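Structure record follows, encoded as structure tokens.
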Amino acid sequence: MKASVKWTDGRQFVAESGSGHSVVIDGPPDHGGRNTGPRPMEMLLMGLGACTSFDVMEILEKSRAPVSDCVASIEAERADEVPSVFTRIHVHFTVSGHGLKEKQVARAVELSADKYCSASIMLAKGGVEVTHSYSIIED
1 MKASVKWTDG RQFVAESGSG HSVVIDGPPD HGGRNTGPRP MEMLLMGLGA CTSFDVMEIL
61 EKSRAPVSDC VASIEAERAD EVPSVFTRIH VHFTVSGHGL KEKQVARAVE LSADKYCSAS
121 IMLAKGGVEV THSYSIIED
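Spelled out as structure tokens, the structure:
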């Protein structure tokens with residue numbers, strides 16, 4: 001896996017994935033940025049959210065769960081001192097569908113957290129307290 005990050009100006013960068021997709025990453029104006037994209041640490045959280053959501057949806061689809069929507073809401077706390085690393089991350093899944101079984105949703109979230117999500121497992125092994133929860137909405 002490869003990626004590149006090219007500086008444009010100020011604190012703005014264009015990151016390109018090995019698969020050819022690009023995203024603008026920027027800093028806040030008080031740090032020389034123009035606020036034209038997410039911050040680097042926000043990208044980490046979004047990547048974690050996408051990684052675990054990918055797993056949860058794949059597991060639920062394989063079990064033929066009738067999912068109509070899935071939203072992962074991620075909240076994180078950072079250390080006060082530099083480096084201001086993540087100390088805690090909580091991922092809450094809101095899974096919607098008709099006739100969803102709680103056992104299936106719980107198992108999908110658990111498998112992602114404990115076995116499949118490389119991003120959250122890597123951060124947890126690095127000392128971040130990573131927790132997960134879920135709620136189910138019947139549509």
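According to UniProt numbering, the residues represented by the sequence shown are 1 to 139, in order.
Glycine included, each C-beta is placed from N, C-alpha and C at the ideal position.
The structure presented is a predicted model; accordingly, all values stated were derived computationally and were not measured.
Check your understanding: Roughly how many whole angstroms lie between the Cα atoms of residue 139 and residue 10?
Key -> 47 Å
Practice item. Put residue 70 into one of helix, strand or coil per three-state DSSP. Key: strand
**Study point:** alpha helix (DSSP H) runs wholly inside the stretch 8-76, at least 4 long, in chain order
**Key:** 40-62
**Study point:** Of the residues 105, 78, 52, 127, the one placed nearest residue 137, counting alpha carbons only
**Key:** 105
Point to revise | CA nearest to the CA of residue 67, picked from 122, 96, 21 | key: 96
Practice item. Given a cut-off of 8 Å, decide if residue 128 and residue 86 are closer than it, judged by their beta-carbon atoms. Key: yes
Check your understanding: When burial is assigned at 16 or more other CB atoms within 10 Å of the CB, is residue 52 buried or exposed?
Key -> buried
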